[in-house]
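Numbering (UniProt numbering), first residue to last: 1 to 1017.
Where is the CB? At the ideal position from N, CA and C, for every residue including glycine.
Here it is, written out as structure tokens:
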């Protein structure tokens, strides 16, 4: 052995000879001998010819017994390079790997039926399973009278208009008009309105796609995009509305403070005055809100009337003759040359840019969600939300356009405010259009010291209006109405979020009171948040974040509409038709762009919070199902990918063991589920199949009833698998249906996994016939097969349903969780006896990549042909090296050709004795007559004909006990029984091969097609 290679593991055997080779220092090769001599064996039957290994030549290719493997004649071939290579080596004459038909078909035609009559098995009670039921009991609402419901005008349009209008309408829009000019101001207004209009159309579409309940924006987004995005937006939107209460209240408080300062009056100091006025104001607004939605709606109507009066007051002022005092401040009524001068921009100051002014104006276009936020208080949300929202957008847009055009036609940009700056028309040295009206503002305009004029005086609307105090009243109405709308919206949205229980520790605030189900606890929480921010008395740094939170909502509403449309879900059928999915996508993109245009750092903060909350909900995976468009999109993706797979031919490099497991109810055989789930997780398909035997009507009903419970059990056990239950007259028919119909396109099972039939000797022989018939069917359908045997058994249903011996139940429960435990530094032993295409190697390799099995050493045992031990050793080592599986410990078993010990052979004879015909080698007709109705009976000729195969299983069991007694898991190539072979004889082979082993054992057989390759293409 070369230095530097892995050390050979000493096995507890006496080695007669030692012949080791190491290829490239990577493999440990050992030749294992049995301590017993190759003594004679008394395995013989009456009239049977004695077995002699020298009777058959292994070089005769024309005979099915051309090869001598392990000292026994077989059609199976040992693993070899040629079966995986595209080309043959020069000078090599190698029979190809036999097909399943070669191994599995009748050796010679018999007069018996391919499938004997089937036994009508009684359906056992093992199907019964506790299905986790969902709590359906809900608290009944007390009849406290009819709740107040609003129509589209009072409930949506007026509310949205009040929330859209704000201090910017009165104090900033004239200044924006002076900076950008009338033309670009209209562009700014129309750009902002485009976003809000598209969002309004999206809201209209979403709100008419089914019944809308309370929860407003959160309800719309969460039911469209799912709880992940809906929950994150609902939380920050409710918080943003709560902070917006403080922002609007502070705006009101600042106006009151300024009025007090004009009259040289103050309570404490400017900052504390804002705090005092703000807290008192928000307390009054809280009282209005707690009085009920009816009183809140009346207050909103009052504010609406005040704003409309102030607006009319302004328009009247524009047509009134300008007094000398107003002319000194730049107002000259409607003049064409003033309109012409103010039509073009005049950028000044740090904010003097298009996007700078756009960022200042855009928040005044928001507020379109105020009506949707009280969707639970509307008579007909599907009608009120579209109609009221779009009407509010239209009328507020008209008001903005009219205001900018009228004030830009009446007031010059610069004015001194001094009545002494009059001048005669046409005087020299006077510049500006005011000279034509007898006023000279040249000096202050050139020195940028003018205190009045459209670009310098924020109170221009008050100056122009017919009665200035009405404009102040309008400012009060705009700020207080917006604060009141936000104070109502925040608790309503938060209440719906609390009821959905997406986040911990917030359910307390979801309780409603009174006939309107008012969220009083939510009102108090909103009040406390608002007071906290009012006490700061400086919200300039927080206001951009609030705007970005609103824009996040707009972006997601538009994306919800787009996503629901693009998925082509049959459930997307909005009655509002005037929307476009591409316009919605444009609105979503523009909303995100505007977020960064307003304040990039605030946009990053808003997006970061959304991502954090999104990640939390994704991690918690709330148990809600709202039929969101994300689910529809996932379905579309899965469907499209599945269809695209049909266009791709299968390739060995992409082979994955896709398993159909006959589990029955999955929780009855957890070890079987865990075993397959371990190596298929995040890799391949896993389907748990359950055949319900009984009358079709009853069984069909039970299939649907139990399915949800089984899926929940798989999810709770963290097994990524599908569950399929079918009803059938017998187990074999059901298994045939599952094998033929399971899966979708290319994603269909190719490996059948089932448990070992532990009670086969005591069971009705026909059930054993069905069990073996399922294995034959699997091979007929080109499936690989895995049979799992655990000493304690796989089915734990009796533990679940009855009181058992405590010691026995503990052992079975431990066996049921064996594949959930860390296996430590044990071994996984692979007995790759026959070449099945490589499945015997691939499954252990996939299992060894998992954390619980990662520390286990994988050992490969192979048997060599007689007289070719050295060549076989080199060939296997070379082949495994090319497969790159990382199996560096290979053991060659030359003593596999020895005859088993007599006592073990006798035990096999005793095992099959109850199933023998003892016909004395009579002819086929007599044997068939004796076996009529009992196809599982074994004739003397079948015993003699299969003697070599029987002895092989006995000997292999001895080897397994010698070398793999303490292994964590054993994989061994499963012998294939031909059709016509009695089921009792085949089960005796499997029983003999796997008996007395403490370790779980996997009898595995591929479908004789390659699943491993060492080529790159």
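The beta carbon of residue 864 is closer than 7 Å to those of 872, 873, 892 and 894 in its chain, skipping five residues each way along the sequence. The secondary-structure analysis by DSSP pairs residue 1004 across a beta bridge with 786 and 973. Secondary structure note for residue 990: its alpha helix (DSSP H) is the uninterrupted segment 983 to 994. Cβ contact annotation for residue 392 (same chain, cutoff 6 Å, sequence separation greater than five): 157, 160 and 161, in chain order. One Cα belongs to residue 781, the other to residue 860, and the distance between them is close to 29 Å. By the Cβ test, the segment 178 to 186 is in contact with the segment 339 to 351, since at least three Cβ pairs between them sit closer than 8 Å. Considering only 559, 821 and 886, the residue with the shortest C-alpha distance to residue 842 is 886. DSSP, reduced to helix, strand and coil, places residue 879 within a helical segment of the structure shown. When DSSP states are grouped into helix, strand and coil, residue 859 belongs to the strand group.
Taking each of 502, 704, 312 and 242 in turn and checking the Cα distance to residue 534, the smallest one comes out for 242. Nearest in C-alpha terms to residue 759, of all of 974, 77, 674 and 995, is 995. For residue 608, the enclosing alpha helix (DSSP H) stretches over residues 600 to 620. A distance below 7 Å between beta-carbons, with the five flanking residues on each side excluded, links residue 466 to the following residues of its chain, in chain order: 313, 316, 317 and 320. The segment 741 to 753 makes contact with the segment 656 to 668, as at least three CB pairs between them are under 8 Å. CA-CA distance, residue 883 to residue 938, rounds to 42 Å. According to DSSP, residue 662 shares a beta bridge with 689.
Scanning 291, 678 and 536 for the CA closest to the CA of residue 817 turns up 678. For the pair of segments examined, the segment 549 to 562 was found to touch the segment 599 to 615: the number of CB pairs separated by less than 8 Å reaches three. Each residue's CA atom was taken as its position, placing residue 870 and residue 890 some 13 Å apart.
The beta carbon of residue 779 is closer than 6 Å to those of 100 and 104 in its chain, skipping five residues each way along the sequence. The bridge partners DSSP lists for residue 378 are 150.
Residue pairing for residue 754: DSSP places it in a beta bridge opposite 787.
Bounds of any beta strand (DSSP E) do not take in residue 494; it lies within the alpha helix (DSSP H) bounded by 468 to 500. When C-alpha distances from residue 448 are compared across 926, 416 and 969, the shortest belongs to 416.
Secondary structure at residue 978: coil, using DSSP grouped into helix, strand and coil. Of all C-beta pairs linking the segment 279 to 294 to the segment 469 to 485, three or more are shorter than 8 Å, placing the two stretches in contact.
Counting only runs that start and end inside the segment 197 to 239, the alpha helix (DSSP H) elements of at least 4 residues fall at 216 to 225. For residue 944, the uninterrupted alpha helix (DSSP H) run begins and ends at 940 to 945, by DSSP.
Here residue 388 has 152, 156, 157 and 371 as same chain residues with Cβ atoms under 6 Å from its own Cβ, once five neighbours each way along the sequence are excluded. Sorting 352, 564 and 967 by C-alpha distance to the C-alpha of residue 635 places 564 at the top. Judged by DSSP in its simplified three-state form, residue 724 adopts strand. Bridge pairing for residue 463: absent [DSSP]. Distances from the CA of residue 702 to each of 675, 724 and 327 were compared; the closest alpha carbon is that of 724.
Residue 548 places its beta carbon 8 Å or farther from that of residue 584. Within the same chain, 166, 167, 248, 249, 251, 252 and 255 come within 8 Å of residue 479 by CB-CB distance, once the 5 residues on both sides are set aside.
For the pair residue 503 and residue 515, the Cα-to-Cα distance works out to about 27 Å.
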